[in-house]
Structures are given as structure tokens and as C-alpha cells.
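Engineer: In UniProt numbering, the protein residues as written are 1 to 303.
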């Protein structure tokens with residue numbers, strides 16, 4: 001289960017699940033569709049800002065790792081793609097290392113980093129109870145599968161850490177400076193234990209669901225979430241901003257060509273308006289979280 005810091009950083013997560021799910025769906029889809037480097041830079045920066053407002057200083061390690069991923073993807077792209085008219089250097093028998101391939105690699109890396117940042121925030125906000133609330137009635141089986149998948153990686157990572165710590169305490173872990181083969185054998189033992197635990201947990205979960213009447217007709221549902229006026233206002237605002245960004249995209253305002261040379265689209269009024277709408281849409285969670293944190297601190301100062 002995802003955990004969020006204190007109340008002030010949870011303002012966006014406190015919205016109705018349909019609103020938060022709709023935002024992340026729109027942000028992820030638009031980040032994939034709008035392949036313009038300017039839009040991608042905006043997506044990365046605002047996704048990082050969103051994640052920072054949720055995780056605080058803990059987010060910097062993850063962001064630093066993604067920065068390394070971006071550099072690797074960008075710099076390695078021209079090694080495999082030799083297209084482009086602007087040759088920066090030649091290597092390995094005269095293979096060209098081109099500016100256009102480098103730019104395309106940067107675009108690909110930015111998209112990848114943006115996706116990972118948005119999904120990281122998505123995992124924090126869209127907890128299992130929210131997924132069950134949104135999809136439990138219409139598609140209960142899919143809702144259950146998605147809920148289990150979302151908690152799978154963090155849950156088994158914690159269990160793997162606990163197993164490795166326990167093995168080290170009883171002297172069964174790999175010694176310091178152990179060979180690669182010894183570390184592989186130790187990892188195999190941990191993986192075997194995790195697999196056995198997964199099978200046992202699946203049986204326990206199935207028995208528990210059967211005992212609670214999962215899937216029976218006439219089963220009632222209870223939810224803590226209520227649609228409020230702020231949700232309506234936010235949905236209308238998000239819809240208007242998305243329409244503005246999509247309208248600019250439909251006019252070809254964000255189209256860019258990399259080969260044989262880089263050709264940027266003309267920056268007309270419609271394109272600028274679309275970029276503003278796109279940036280404003282992606283900034284929503286960070287703005288709401290910052291506002292919520294400010295109100296939280298103000299209320300503490302008055303108490």
C-alpha cells in the first residue's frame with residue numbers, strides 16, 4: 001500500500017477517486033501523444049514537481065536515478081540510429097554520430113522519464129481501495145487483478161529485504177566480498193522463498209474472499225468517497241485545459257520532424273495557447289498540494 005506524508009501533501013489525493021484517476025489518465029496519454037520536446041520537458045518538470053510534493057526529500061533519489069536513465073537513453077540513441085544530416089563525430093569505422101539522432105534519443109528519454117514519474121505519483125494516489133471503488137461494481141475481477149498488481153512490487157520488495165536480513169543474521173547470507181556465483185545462489189534461495197510465500201498468500205486471499213462473499217449477486221458496497229462541489233469545478237477546469245491542448249495538437253502545432261534535419265513547428269497563437277493549457281493541466285496536482293500544505297501550516301499556526 002502506498003503511503004503519503006502528512007496531511008498538507010495529501011490535498012490532491014483527498015479528491016474524489018474519479019477525478020484523480022481522470023487526471024493521471026489524461027496526463028499519461030497526453031505525455032505519450034504530444035511528442036514535442038517542449039511539451040516533454042514540461043511534462044518531466046511538472047511530473048517531478050508533482051512527485052516532490054507527495055514525497056518531499058525522499059523523491060530526490062528517485063529523480064536522480066531517472067536523470068541517469070535520461071542521459072543513457074539520450075547518448076546511446078545515435079549509436080544505433082545513424083540517420084541525420086548533422087554529423088557531430090564519427091566512430092567505429094566511420095559510423096556517424098548525428099545531432100538529429102541525439103535529439104530523437106532525448107525525446108525518447110524524456111517521454112520514458114515522464115511516464116515513470118507520472119506512474120510513481122499515480123501509485124501513491126490511486127490506492128487499492130480507490131481502484132475497488134471505481135471498478136469493483138462494473139468489473140470486479142479486473143479491479144481485483146489491478147489492485148493486486150499495483151501492490152505486488154513494493155510488497156515483495158519489502159519481503160525480499162526482510163528475507164535477506166534474516167538470512168544475514170543467521171549467517172546464511174553471502175559473505176562480504178563473496179563471488180558472483182555465491183550471490184546468485186543466495187538470490188535463488190530468496191526467490192524460492194518468495195515464490196512459496198506468493199503461493200501461500202494466494203490461497204489465503206482466495207479463502208478470505210470466498211468467506212466474505214466476493215462475487216455473489218446482491219452483495220452491497222460501502223465507500224468513504226463522496227462527490228463534492230470542488231470535484232465538479234476541477235473536472236470542468238481539467239476538461240477545458242485538455243480541450244485547449246488537444247485543439248493545438250489537432251492543428252499540427254506540436255508536430256516536429258527529426259530527419260533528415262530538425263524542423264520545428266511555427267509558434268502561432270494557437271500553439272502557444274495549447275502549450276499554456278497543457279502546462280496548466282499538468283501543474284494541477286502540484287498546485288493543489290502546495291496550496292493544501294500552506295493551508296495546513298496556517299491552521300497549525302492558529303491552533
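Each residue gets a CB set at the ideal place from its N, CA and C atoms; glycine is no exception.
Where does the unbroken beta strand (DSSP E) through residue 96 begin, and where does it stop?
Structural biologist: Residue 96 sits at position 96 when you count from the first residue of the chain shown. Residues 95-98.
Engineer: Could you give the uninterrupted runs of the alpha helix (DSSP H) lying entirely in the segment 219-280, keeping only those of 4 residues or more?
Structural biologist: Qualifying alpha helix (DSSP H) stretches, in chain order: 229-250.
Engineer: Okay, do the segment 115-126 and the segment 47-56 touch, 3+ Cβ pairs below 8 Å being the bar?
Structural biologist: Yes, the segment 115-126 touches the segment 47-56.
Engineer: Let's see if you can read the secondary structure: which residues bound the beta strand (DSSP E) around residue 88?
Structural biologist: As a position in the chain shown, residue 88 is number 88, starting the count at 1. That run of the beta strand (DSSP E) goes 87-91.
Engineer: Taking the alpha helix (DSSP H) that residue 67 falls in, what are its first and last residues?
Structural biologist: The residue given as residue 67 occupies position 67 in the chain shown. First-last of the alpha helix (DSSP H) with residue 67: 59-80.
Engineer: Run the CB neighbour count on residue 83, radius 10 Å, all protein chains shown included, and call it buried at 16 or more, exposed below.
Structural biologist: Locating residue 83 in the chain shown gives position 83, where the first residue counts as 1. Classification for residue 83: exposed.
Engineer: What residue range does the alpha helix (DSSP H) around residue 208 cover?
Structural biologist: The sequence position of residue 208 within the chain shown is 208, counting from 1. From DSSP, the alpha helix (DSSP H) with residue 208 extends over 180-211.
Engineer: Which residues bound the alpha helix (DSSP H) around residue 12?
Structural biologist: As a position in the chain shown, residue 12 is number 12, starting the count at 1. Neither: residue 12 is in no alpha helix (DSSP H) and is coded neither H nor E.
Engineer: DSSP three-state label for residue 291, please.
Structural biologist: Counting from 1 along the chain shown, the entry for residue 291 is found at position 291. Three-state result, residue 291: helix.
Engineer: In whole angstroms, give me the CA-to-CA distance for residue 11 and residue 25.
Structural biologist: Residue mapping note: residue 11 aligns to position 11 of the chain shown, counting from 1. Residue mapping note: residue 25 aligns to position 25 of the chain shown, counting from 1. Cα to Cα, the separation comes out at about 19 Å.
Engineer: Would you please state the rounded distance, in angstroms, between the beta carbons of residue 194 and residue 156? I believe it to be under 8 Å.
Structural biologist: By 1-based counting over the chain shown, the position of residue 194 is 194. By 1-based counting over the chain shown, the position of residue 156 is 156. That belief holds up - the Cβ atoms of residue 194 and residue 156 are roughly 6 Å apart, short of 8 Å.
Engineer: Please report the distance separating the alpha-carbon of residue 186 from that of residue 206.
Structural biologist: Against the chain shown, residue 186 aligns to sequence position 186. Against the chain shown, residue 206 aligns to sequence position 206. Between residue 186 and residue 206, the C-alpha separation is close to 31 Å.
Engineer: Alpha carbons only, please: which of 165, 271, 268, 236 is nearest the one belonging to residue 23?
Structural biologist: By one-based count along the chain shown, residue 23 stands at place 23. For residue 23, the nearest C-alpha among the options comes from 236.
Engineer: Does DSSP put residue 83 in a helix, a strand or coil?
Structural biologist: Sequence index remark: in the chain shown, residue 83 carries index 83 (1-based). It is coil, neither helix nor strand.
Engineer: Measuring CA to CA, which of 54, 243, 134 is closest to residue 271?
Structural biologist: In the chain shown, residue 271 corresponds to position 271, counting from 1. Of 54, 243, 134, the residue nearest in Cα terms is 243.
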